[in-house]
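Residue numbers (numbering that gives the first Met the number 0), protein chains in the order written: chain A, 0 to 209; chain B, 0 to 196. Where is the CB? At the ideal position from N, CA and C, for every residue including glycine. Here is the structure we will look at, set down as structure tokens.
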Amino acid sequence: MPKKQVKRNFKHTKSYKALVTGLWQDHPTFCMVLGICSMLAITNKMDNALAMGLGVTFCTAFSSLFVSMFRNAIPARVRMLAYMVIISTFVICVDRFLKAYFPAISETMGPYVGLIITNCILMGRAEVYAIKNGPWFSFLDGLGCGLGYTFMLILMAIIREPLGFGTILGKPLMPAFWVNWVVMTIAPGAFFLLGAYLWIFRTIAKKTET
Amino acid sequence: MSTANPFLLLLASIFTQNIALVYILGMCPFIVISKNFKTAVGMGVSVIFVVTLTAMINWPIYYKILVPLKVEILSFMIFIIVIAATVQLLEMLIEKFFPPLQASFGIFLPLITVNCIVLAVCIFMVLKQYNFIQTVFYSLGTSAGWALAIVLMAAIKEKLLLVGDIPKGLRGAGITMIIAGFMAFAFMGFAGMIPLQ
């Protein structure tokens, strides 16, 4: 397959590495258990999960890009504040965009859109990667982390929405005799599901804590 | 404007609307800092203090400055800057005037800036249109509820060491999630106790 050939050569470049660390090795949720507040809260519906994932990806990628572009101009003492200003700019963009084009999703997500600002993934990527690396690689790193996070949101929603509401993306999925597991739509179900995912992933990856 | 009774609001935000176990916010420190009972208490107290203080600062800023100027769009950015600045200021004040507190209290302050519940309280206060008194009680209750949850979690996790033998992959964050799930069930028992949506 010619496509795979291209990928193999591409595999040794720094760009590829920057993109992929966030997708698997340093996956924000499994390895670092970061940014799970909004993840648990909004994944009871697939459309919310997608909106949240894409929003976070956009914010992570562009805030990493901008932090990296200004990395020589940001004084070390106030860097946290600088990250926050940059991040909140993009979060405001996402919030306005959702309000304008997807008012229903914006309504159900409520405060969680604004809370992307305090999602530790964004701050973490800025501090760990973007402040030390060039704009292009930081952008890819942010993109990779955002996509890894989106993937996790989809994994959560794909179980919670059918079990909790009997639907997927708002369309009925389960047979008529199905009784909804209400617990999956609220907090306890989210906690149990993430616990189970962490267990499975960490057993496979052999990354354990003491 | 919301017409909720401030005192009921306080109780509701601690028990029926617990921010950690119903809204699932403030999870990063909830997992990381809940290993030790004493540390959890220190973190809980610092959060109560910072959340109440920042909500009291942000309310007038939103309603007296942003709304008259019609720049509510900037509210997220202003809120987070105010939070970061308040935390930084508190840190310096404690270092200067109350050095004994530094060891038990000061180390948590930098972590609080990125704790989602500080920002969440400010956003909820705007969404639910609370007045100033309600905001004070709401922020106090919310942060106290979070502190209660993290202290309970730390106490359970300390006892867990005595039980031993958790599957390897489940140790750390995994088991914390499972315990949090059971705690969330327990807190669901409070639902309907307080007549407030």
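- Secondary structure within the region 41 to 114 of chain B: the alpha helix (DSSP H) runs of 4 or more consecutive residues, fully enclosed, are 74 to 96, 98 to 104, 108 to 111 (chain order).
- If you check the CB distance, B:V117 and B:V21 do not come in under 8 Å.
- From the beta-carbon of A:R201, the residues of chain B found nearer than 9 Å are K167, G168, L169, R170, G171, A172, G173.
- Inclusion of A:L114 and B:A119 in the CB contact set at 8 Å is warranted, their separation being smaller than that value.
- Nearest to A:E126 by alpha-carbon distance, out of A:F57, A:V77, A:L53, A:T166, is A:V77.
- Look at B:T112: its C-beta is under 8 Å from a C-beta on chain A.
- Flagged as an interface residue toward chain B: A:I116, by a C-beta distance shorter than 8 Å.
- For A:K98, the three-state secondary structure derived from DSSP is helix.
- A distance below 8 Å separates the beta carbons of A:W198 and B:G173.
- Burial check for A:D94: the Cβ neighbour count within 10 Å reaches 16 or more, so the residue is buried.
- In the same chain as B:N114, and ignoring 5 residues on each side of it, the C-beta atoms closer than 7 Å to its own belong to G25, P28, V46, in chain order.
- Residue pairing of A:P161 in beta bridges, as defined by DSSP: absent, with no partner found.
- Not a single CB atom of chain A sits nearer than 8 Å to the CB of B:F107.
- Residues of the region 83 to 104 of chain A whose Cβ lies closer than 9 Å to any Cβ of chain B, in chain order: M83, V84, I86, S87, T88, V90, I91, D94, R95.
- A:T202 has its alpha-carbon roughly 19 Å from the corresponding atom of A:F150.
- Neighbours of A:G54 in chain B, taken as residues whose beta carbon is under 9 Å from its own, are absent, since the nearest beta carbon is some 13 Å off.
- At a cut-off of 8 Å between C-beta atoms, A:F138 does not count as an interface residue with respect to chain B.
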